[in-house]
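S.K.:
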Amino acid sequence: MSPAGGNAMLAPRPAAWGASPMPAEPIRVLVVDDSVVARAVLRRLLERAGDFEVVAEANSADQALAKLRQHWADVVLLDINMPGTDGLTALPDLIAAANGARVVIVSGACADGAAATIRALALGAADALLKPDAARIGASFGDLLTARLRRLGRATPLAPNVRPLLPNDRPPQRVPARRGPVECIALGSSTGGIHALAGFFASFPKASTTPLLLTQHLPPPFMPFFAAQISDMVGRRAQVAQSGMRIAPGVVLVAPGEGHLTLVRSGSDVRVRIDSTPQPSGCQPSVDPMLASVAQIYGAAGVGVVLSGMGRDGVIGAEALVTAGGEVLAQDQASSVVWGMPGVVAAAGLASEVRPPAALAGHLARRMGFQGMGYQGDKGWI
Numbered sequence: 001m002s003p004a005g006g007n008a009m010l011a012p013r014p015a016a017w018g019a020s021p022m023p024a025e026p027i028r029v030l031v032v033d034d035s036v037v038a039r040a041v042l043r044r045l046l047e048r049a050g051d052f053e054v055v056a057e058a059n060s061a062d063q064a065l066a067k068l069r070q071h072w073a074d075v076v077l078l079d080i081n082m083p084g085t086d087g088l089t090a091l092p093d094l095i096a097a098a099n100g101a102r103v104v105i106v107s108g109a110c111a112d113g114a115a116a117t118i119r120a121l122a123l124g125a126a127d128a129l130l131k132p133d134a135a136r137i138g139a140s141f142g143d144l145l146t147a148r149l150r151r152l153g154r155a156t157p158l159a160p161n162v163r164p165l166l167p168n169d170r171p172p173q174r175v176p177a178r179r180g181p182v183e184c185i186a187l188g189s190s191t192g193g194i195h196a197l198a199g200f201f202a203s204f205p206k207a208s209t210t211p212l213l214l215t216q217h218l219p220p221p222f223m224p225f226f227a228a229q230i231s232d233m234v235g236r237r238a239q240v241a242q243s244g245m246r247i248a249p250g251v252v253l254v255a256p257g258e259g260h261l262t263l264v265r266s267g268s269d270v271r272v273r274i275d276s277t278p279q280p281s282g283c284q285p286s287v288d289p290m291l292a293s294v295a296q297i298y299g300a301a302g303v304g305v306v307l308s309g310m311g312r313d314g315v316i317g318a319e320a321l322v323t324a325g326g327e328v329l330a331q332d333q334a335s336s337v338v339w340g341m342p343g344v345v346a347a348a349g350l351a352s353e354v355r356p357p358a359a360l361a362g363h364l365a366r367r368m369g370f371q372g373m374g375y376q377g378d379k380g381w382i
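Count the sequence shown with UniProt numbering and you get residues 1 to 382, in order.
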């Protein structure tokens with residue numbers, strides 16, 4: 001299946017391409033489910049709430065792609081078990097065709113922690129909800145659904161400012177690679193990020209005890225499961241960050257879904273502060289304040305790694321980190337599911353390395369002095 005093309009006439013977008021839509025407008029929803037009863041119930045629940053508009057319905061993934069060529073949506077509600085192409089298989093194509101719209105999985109297969117849920121989030125779904133039987137979808141589920149969708153809010157269409165370099169383009173000037181000790185590594189990712197993190201940590205030195213901070217765009221209920229995945233990848237315990245936690249060797253902290261992971265000095269210690277201040281990217285948690293706080297606390301000894309993800313989150317914090325003397329690494333386009341976040345950082349000339357995740361880990365291993373210890377560069381450990 002190929003992404004929706006760009007030639008068909010689309011419904012009007014917000015007036016300023018890439019600008020935030022007016023909040024007074026309803027949240028526009030495309031409902032994708034093979035059950036006519038489920039589609040009708042979901043439409044009724046959304047329209048009864050008053051601040052949603054169901055702009056179209058589709059009974060298959062193929063039909064959903066066609067609808068996205070005709071209608072602008074803020075959110076796509078997607079079932080998994082459908083005839084033809086199932087929802088998970090179609091998810092990457094739907095994200096590519098949706099031009100910034102968030103895809104929310106609503107399926108009977110999506111309990112918290114279920115394999116289908118984790119896979120959907122790894123593929124780039126913005127959220128996942130367990131759908132009751134059609135006959136049991138009532139007001140309580142409607143309240144949960146509308147609350148989740150309001151938290152996502154209106155979508156921002158993707159500005160066409162990140163594209164492959166053409167033959168006559170001049171590559172952006174990169175910041176020179178840094179040297180010296182590494183006291184903290186902060187990683188940020190979104191769509192495709194879990195796969196990218198797996199590649200990074202497969203080549204990251206297991207003997208390293210440098211504190212690790214991670215911000216991945218995921219809803220709050222799934223952060224404990226994500227932290228467990230990170231523990232397996234890194235080989236040391238990862239946990240969801242809470243305000244007041246101390247940063248120390250061996251610490252691996254994951255931003256909670258309801259706030260940004262930032263750092264503050266407390267006497268001789270560095271501790272976590274969870275901040276929920278809205279960010280220019282519109283993301284919560286956001287990579288920007290995490291990188292900015294690493295810049296403030298660690299300066300040249302801080303490193304930021306921006307991996308696969310949609311949008312521009314991370315570029316503001318990356319600039320702050322580079323200005324403070326720290327180093328920023330970005331995933332390359334060929335290995336990214338979506339070259340939005342790392343692409344913007346690379347295009348701004350803020351990254352000293354733009355390479356696949358394993359190669360970025362290899363660069364850090366060399367900077368931290370792990371050569372000659374069974375470490376084979378980008379191939380990891382032997």
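Ideal Cβ placement from N, Cα and C applies to all residues, glycine included. Treat the numbers as computed from the prediction; the structure is a model and nothing was measured.
(1) For A8, count neighbouring Cβ atoms within 10 angstroms of its own Cβ and tell me buried if that reaches 16, exposed if not.
(2) Buried or exposed for P211, please, with buried defined as at least 16 other CB atoms from any protein chain shown within 10 angstroms of its CB.
(3) Assuming T262 is part of the alpha helix (DSSP H), what are its boundary residues?
(4) Quick one: any contact between the stretch 28 to 40 and the stretch 66 to 80, if contact means 3 or more CB pairs under 8 Å?
(5) Could you have a look at L77 and say whether DSSP puts it in helix, strand or coil?
(6) Going by Cα to Cα distance, which pick from S35, V315, G50 is closest to L291?
(7) In terms of alpha-carbon separation, which member of R39, G317, A365 lies closest to D288?
(8) Cα-Cα, which of Y298, W339, Q331, P342 is closest to L321?
(9) Might you give, ordered along the chain, the residues of its own chain that have their beta carbon closer than 8 Å to the beta carbon of C283, omitting 5 neighbours on each side?
(10) Measuring alpha carbon to alpha carbon, tell me which residue in S352, P356, F370, L364 is nearest P176.
(11) Count the other CB atoms, across all protein chains shown, that sit within 10 Å of the CB of A253; report buried if there are 16 or more and exposed otherwise.
(12) Taking 8 Å as the cut-off, does the stretch 346 to 363 touch the stretch 192 to 200 (at least 3 CB pairs, one atom from each stretch)?
(13) Assuming V254 is part of the beta strand (DSSP E), what are its boundary residues?
(14) Is it the case that the Cβ atoms of A155 and A101 are separated by a distance below 8 Å?
(15) Note down the Cα distance separating R236 from A248, rounded to an integer number of angstroms.
(16) In three-state DSSP terms, what is Q242?
(17) Between which two residues does the alpha helix (DSSP H) holding T215 run?
(18) Is it right to say A348 is buried, meaning 16 or more other beta carbons lie within 10 angstroms of its own, or is it exposed?
M.R.: In brief:
(1) As a first step, residue 8 must be located in the sequence shown, where it is residue number 8. Annotation note: pLDDT 34 at A8 (below 50); position unreliable, coordinate value reported separately. Per the 10 Å Cβ criterion, exposed.
(2) Here residue 211 is taken as the residue at index 211 of the sequence shown, counted from 1. When all chains shown are included, P211 counts as buried.
(3) Translated into the one-based positions of the sequence shown, residue 262 becomes position 262. No alpha helix (DSSP H) holds T262; the beta strand (DSSP E) holding it covers 260 to 266.
(4) yes
(5) Counted from its first residue, the sequence shown places residue 77 at position 77. Strand.
(6) Position 291 of the sequence shown, counted from the first residue, corresponds to residue 291. Selected option, being the one with the closest Cα: V315.
(7) As a working mapping, residue 288 is identified with position 288 in the sequence shown. When only C-alpha atoms are compared, the closest one is G317.
(8) As a position in the sequence shown, residue 321 is number 321, starting the count at 1. Among Y298, W339, Q331, P342, the Cα nearest to that of L321 belongs to Y298.
(9) For the purposes of this step, residue 283 is identified with residue 283 of the sequence shown, where counting begins at 1. Closer than 8 Å at the Cβ level, and outside the excluded window around C283, lie S190, H217, G311, D313.
(10) As a first step, residue 176 is located in the sequence shown; it is residue number 176 there, counting from the start. The shortest C-alpha separation from P176 is found at S352.
(11) Taking the first residue of the sequence shown as 1, we reach residue 253 at position 253. Checking the displayed sequence, the identity of residue 253 turns out to be Leu instead of Ala. It is buried - the Cβ of L253 has at least 16 other Cβ atoms within 10 Å.
(12) yes
(13) Sequence index remark: in the sequence shown, residue 254 carries index 254 (1-based). 252 to 254 is the span of the beta strand (DSSP E), which, as asked, contains V254.
(14) Within the sequence shown, numbered from 1, the residue matching residue 155 stands at position 155. Within the sequence shown, numbered from 1, the residue matching residue 101 stands at position 101. The answer is yes: Cβ separation under 8 Å.
(15) In the sequence shown, residue 236 corresponds to position 236, counting from 1. In the sequence shown, residue 248 corresponds to position 248, counting from 1. So the alpha carbons of these two residues sit roughly 13 Å apart.
(16) For the purposes of this step, residue 242 is identified with residue 242 of the sequence shown, where counting begins at 1. Coil at Q242, not helix or strand.
(17) As a first step, residue 215 must be located in the sequence shown, where it is residue number 215. Where T215 is concerned, there is no enclosing alpha helix (DSSP H), although the beta strand (DSSP E) it sits in stretches over 212 to 216.
(18) Working through the sequence shown from its first residue, we reach residue 348 at position 348. Per the 10 Å Cβ criterion, buried.
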